[in-house]
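Asker:
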Amino acid sequence: SIAHDAGQAMGCGAFLKSLRRTASGDFKIESARTLETLAHLAAEDRLNEALIPAAQLLPEFPMEMVDSITAGQIRNGRDFRVSPFQVRSGSRYVKAVSPQGDLVAIGEALLPNLYHPVLVL
Numbered sequence: 002s003i004a005h006d007a008g009q010a011m012g013c014g015a016f017l018k019s020l021r022r023t024a025s026g027d028f029k030i031e032s033a034r035t036l037e038t039l040a041h042l043a044a045e046d047r048l049n050e051a052l053i054p055a056a057q058l059l060p061e062f063p064m065e066m067v068d069s070i071t072a073g074q075i076r077n078g079r080d081f082r083v084s085p086f087q088v089r090s091g092s093r094y095v096k097a098v099s100p101q102g103d104l105v106a107i108g109e110a111l112l113p114n115l116y117h118p119v120l121v122l
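Letter by letter, the sequence shown follows residues 2 to 122 in my numbering.
1. Give me the residue from 55, 20, 6 with the minimum Cα distance to residue 105.
2. Using the beta-carbon count (16 or more within 10 Å), is residue 99 buried or exposed?
3. What three-state label does DSSP hand residue 108 in the structure shown?
4. Could you tell me which uninterrupted beta strand (DSSP E) segments, each at least 3 residues in length, are contained entirely in the stretch 61-99, listed from first to last along the chain?
5. Pick out the complete beta strand (DSSP E) segments inside the stretch 4-72, 3 residues or longer, and give them in chain order.
6. Between residue 85 and residue 114, how many whole angstroms is the CB-CB distance? I'm expecting something under 8 Å.
7. Drop a sphere of 10 angstroms on the beta-carbon of residue 96, count the other beta-carbons inside from all chains shown, and report buried for 16 or more, exposed for fewer.
The structure is reproduced here in structure tokens:
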């Protein structure tokens, strides 16, 4: 734990009075919603406004925009090619995103520009 590590570094015991996480990866405390805000949005049937679009998740994965036909093929498990101009060669994973901005799938590299859908939404 953090307290144990701090105590070890100082050569004594240690404990935490409080601990507050202000970020986790790209998610910052400033963009968090309070329970009251969520309850208010839910009461007005607007809870979707609090959701982060799936295509914005995993920002470290390159994104490939796919047309509607390709999106359908990916949903059926078909491998898909990506543009070497949009996705750096050697990327292990890529996000396939529909023309509407929806995350279709996460693909894993089979070849430098050929991906197999390993997670389909």
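Here a beta-carbon is modelled for each residue, glycine too, at the ideal position from N, C-alpha and C.
Answerer: Reading from the atomic positions:
1. The residue labelled residue 105 in the question sits at position 104 within the sequence shown. It is 55 whose Cα lies nearest to the Cα of residue 105.
2. Stepping through the sequence shown from its first residue, residue 99 is reached at position 98. Residue 99 is buried by the Cβ-count criterion.
3. Here residue 108 is taken as the residue at index 107 of the sequence shown, counted from 1. For residue 108, the secondary structure class from DSSP, reduced to helix, strand or coil, is strand.
4. Unbroken beta strand (DSSP E) stretches of 3 residues or longer found wholly inside the stretch 61-99: 64-66, 94-98, given in chain order.
5. With a minimum length of 3 residues, the continuous beta strand (DSSP E) runs that stay inside the stretch 4-72 are 64-66.
6. Translated into positions along the sequence shown, residue 85 becomes position 84. Translated into positions along the sequence shown, residue 114 becomes position 113. That pair is a contact at about 5 Å.
7. As a position in the sequence shown, residue 96 is number 95, starting the count at 1. Looking at its Cβ environment, which holds 16 or more other Cβ atoms inside 10 Å, residue 96 is buried.
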